[in-house]
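Here the sequence shown is numbered in this note's numbering, starting from 208 and rising by one per residue. Okay, so here's the structure we're looking at.
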Amino acid sequence: EPPDAPKDFSCQTQDMKRITCTWREGETYLYGQNLPRYTLSKTSSQKTALCKASCSKQCSCSWDIGQQWIWNVTVTVENPLGKKTATDVFDVNHRMYPTAPFQVWEDCTDTEITLHWNYENNEIELFCQTEVLQPDGKVELHNSSVADSKRVTVRGLRPYTEYRARVRCGAAKYFWRWSEWSQPLTTRTKEGTPSGKLDMWREIKPVLGGRNVTLFWKQTPSFQANGKIISYEVTWEKIEDGSKPESISLSSVYNSTRIFIDNHTYRINIVAKNNVNFSLPSVLIISRATDNSRSIFSTEELKEGQINGTDDGIFISWEPRSIYDSYIVDWCNFPRLQPCDLQWKRFGPSTSSAVISSAAFVPGVRYKFSIYGSVANRASLLEKKIGYLKELPPHLDPVVRKVDLTYNSVTLSWDSYFTNESEPGFVRGYHVYVSPIQGNCNLKGSKKHILSDELELCKYTIENPEEKRYTVKHLMPNTKYKIVVKAFTGGGETPIFNFRYIDTPSNSNMLYFVFLLVIVPTLVAAICHWKMEWVKECCCPVIPSPNKSKVLSFKEFKIDSEKVLRINDCLPDVLAMDSNAETQEL
């Protein structure tokens, strides 16, 4: 292809002695002796070349300025298929492209950095710019306030913080373009007085004659060490009698210590120290041990409320009280270890709930949380909570101690389920599973439960974890069943195995019913047959006895205790005469 016109053709100088022109070449797909040839010359005299061009990543050509300041130059590119040109007209004074500053050094205070530098051509008035890279990655640009100044001061920096800076310059009078950046300089501001306060907390344990107080502290986002912390200074004093304070100094590697105090009220201070000064004191007030306020001794009076885990942590809430200016929640990251790695978090007076998260939280571990209200640096225990990041099934099943059987029911009794801190969840209740050995289960009042092997069970749910007895009804007499009791938590229950086998007895009521319907009538019939004449005389006499007649049972037919039949009221069917002897006797 014929050549394209040279691209980005421009000329500039770095020392006011030589001019360098640059451009980009295009692709012609010709090689060897057919490569494009470049010629740079004055536009008014293109037959005389000013310099010999060289091309690598880009093409360039340089020549001495001499006494000429206004230039009109043309670059010509040609190959066997064509020729193209590009022209640039310029004043050398307007095309100053300085070399990068060098020998950059600094002076520092705790909040300022002053950068100094040199550059090669001191005859040219330059205007410089400084780039400062902050620790958070933010970039700030600072311009020199005075032209031809070889320094700049950057203010408002943080003490004892590392910064990286570099400098570039451009012509002050006729700005053309910035120079390349200088080599970056990494520097650190000097130390300053620590700002803010340490966050301090405590754990109090009563002992003989007083209390052991374990103090913990940490740096908060509002605290700035502004240097290298070399020690922590802890001071405590009795408030009531103004006794002499006691103090200890601890190396910066520590973040806790234990002190002993008696049963009076104490004020405890802690400050951080660097090579310049101390931080502001962080203060805690430990109340008298005899106070009725819930500080340490009344913790057993508070019932532990249950809380639940979420995807982000453990959700905890408390009842706000207007008298407190802040709340503190503390817990142990590793409650099964001693020491347990006590942690705490502070909240403002308008906060009444939070999600406590920690990389140390794992499923199946019970965590205890204590909520304190604080006013004037004095904390009081308000509530206690226990919960899990995620509940898991219980380790063990209830131990069934007693089984009472009838022909159609079974009553199971088990020991109280032993729930302690090692349990992987809160026991919410129990499930009782029943199934006959042969066939499926369809007992009244139960729900179907299908195992992984497609075995069908009857399931009963007991939602009271304090319950220790349950009766399964509507069983079949003289049938073999398998049965099991499972405890369940918010994480479910363990797989079902280790069934207990029972045999229901025969129905004794049915035998009694059969006895009444068959045996008793048979005995009665046999006796009647054996005493037929006596039965006939008693039940169906030839001559009825008046005393046995229901018709004569009314009072008006009685004389004394004898029943009387009056002839007037009777129409006989047959009239019979008795013998004289019997008549006289009657």
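Beta carbons are placed, not taken as given, at the ideal position from N, Cα and C, and that holds for glycine.
{"Item": "Within the stretch 370-446, ranges of the beta strand (DSSP E) (whole runs, at least 3 residues)", "Value": "392-395, 406-414, 417-425, 438-445"}
{"Item": "For F695 and R495, the rounded distance between their alpha carbons", "Value": "44 Å"}
{"Item": "Secondary structure of W516, DSSP reduced to three states", "Value": "Looking at the sequence itself, residue 516 is Gly, so the reference to Trp does not match. It is a strand residue."}
{"Item": "Residue burial classification, D295 (beta-carbon count within 10 angstroms, cutoff 16)", "Value": "buried"}
{"Item": "N- and C-terminal bounds of the alpha helix (DSSP H) containing T464", "Value": "Here T464 belongs to no alpha helix (DSSP H); instead the beta strand (DSSP E) covers 463-468."}
{"Item": "Segment limits, beta strand (DSSP E) that includes V280", "Value": "277-286"}
{"Item": "Whole beta strand (DSSP E) elements within the stretch 620-682, 3-residue minimum", "Value": "634-643, 654-657, 663-669, 676-679"}
{"Item": "Runs of alpha helix (DSSP H) lying entirely within the stretch 307-369, each at least 4 residues, in chain order", "Value": "none"}
{"Item": "Residues bridged to Q545 (per DSSP)", "Value": "The partner list for Q545 (beta bridge, DSSP) is empty, contrary to what the question assumes."}
{"Item": "Residue environment, V391, which counts as buried when at least 16 other CB atoms sit within 10 Å", "Value": "Before going on, a small fix: residue 391 reads as Pro here, not Val. Result: exposed."}
{"Item": "Own chain partners of F568 with C-beta closer than 6 Å, once the 5 adjacent residues on each side are dropped", "Value": "L596"}
{"Item": "Assigned exposure category for D298 - 16 Cβ within 10 Å defines buried", "Value": "exposed"}
{"Item": "Which listed residue (R528, R225, E208) has its alpha carbon closest to that of A586", "Value": "R528"}
{"Item": "Nonlocal neighbours in the same chain, by C-beta distance under 7 Å from H471, ignoring five residues either side", "Value": "K445, E447, R495"}
{"Item": "Whether E398 touches N328 by CB criterion (7 Å)", "Value": "no"}
{"Item": "Simplified DSSP assignment, three categories, for E598", "Value": "coil"}
{"Item": "From Y624, T618, L588, S581, residue whose alpha carbon lies closest to that of H602", "Value": "Y624"}
{"Item": "Own chain partners of D622 with C-beta closer than 8 Å, once the 5 adjacent residues on each side are dropped", "Value": "P605, V606, R608, K675"}
{"Item": "Span separating the alpha-carbon of K480 from that of S456", "Value": "10 Å"}
{"Item": "Whole-angstrom distance between Y304 and V478, CA atom to CA atom", "Value": "55 Å"}
{"Item": "7 Å Cβ shell around N350 - same chain, five flanking residues per side excluded", "Value": "Q336"}
{"Item": "Cβ-Cβ separation, A212 to T306 (assumed contact under 8 Å), whole Å", "Value": "That belief does not hold up - the Cβ atoms of T306 and A212 are roughly 30 Å apart, past 8 Å."}
{"Item": "E410 classed as buried or exposed, judged by whether at least 16 other C-beta atoms fall within 10 angstroms", "Value": "buried"}
{"Item": "For W551, the residue or residues it bridges with in DSSP", "Value": "D537"}
{"Item": "Same chain only: Cβ atoms within 7 Å of Y236, ignoring 5 sequence neighbours per side", "Value": "E208"}
{"Item": "Straight-line Cα distance separating Q240 from L288", "Value": "13 Å"}
{"Item": "Element boundaries [alpha helix (DSSP H), containing T729]", "Value": "727-737"}
{"Item": "Opening and closing residue of the beta strand (DSSP E) in which N476 lies", "Value": "473-480"}
{"Item": "Which of helix, strand or coil DSSP assigns to L247", "Value": "strand"}
{"Item": "Spatial distance of P672 from R635 (CA atoms)", "Value": "5 Å"}
{"Item": "Beta-ladder partner(s) of E590, from DSSP", "Value": "I578"}
{"Item": "T711 vs L730 beta-carbon contact at 7 Å", "Value": "no"}
{"Item": "Own chain partners of E313 with C-beta closer than 6 Å, once the 5 adjacent residues on each side are dropped", "Value": "I320, L322, T394"}
{"Item": "Contact set for S533: own chain, Cβ-Cβ below 7 Å, skip 5 residues either direction", "Value": "R553, F554, G555, P556, S581"}
{"Item": "Bounding residues of the beta strand (DSSP E) (the contiguous stretch that carries F522)", "Value": "521-524"}
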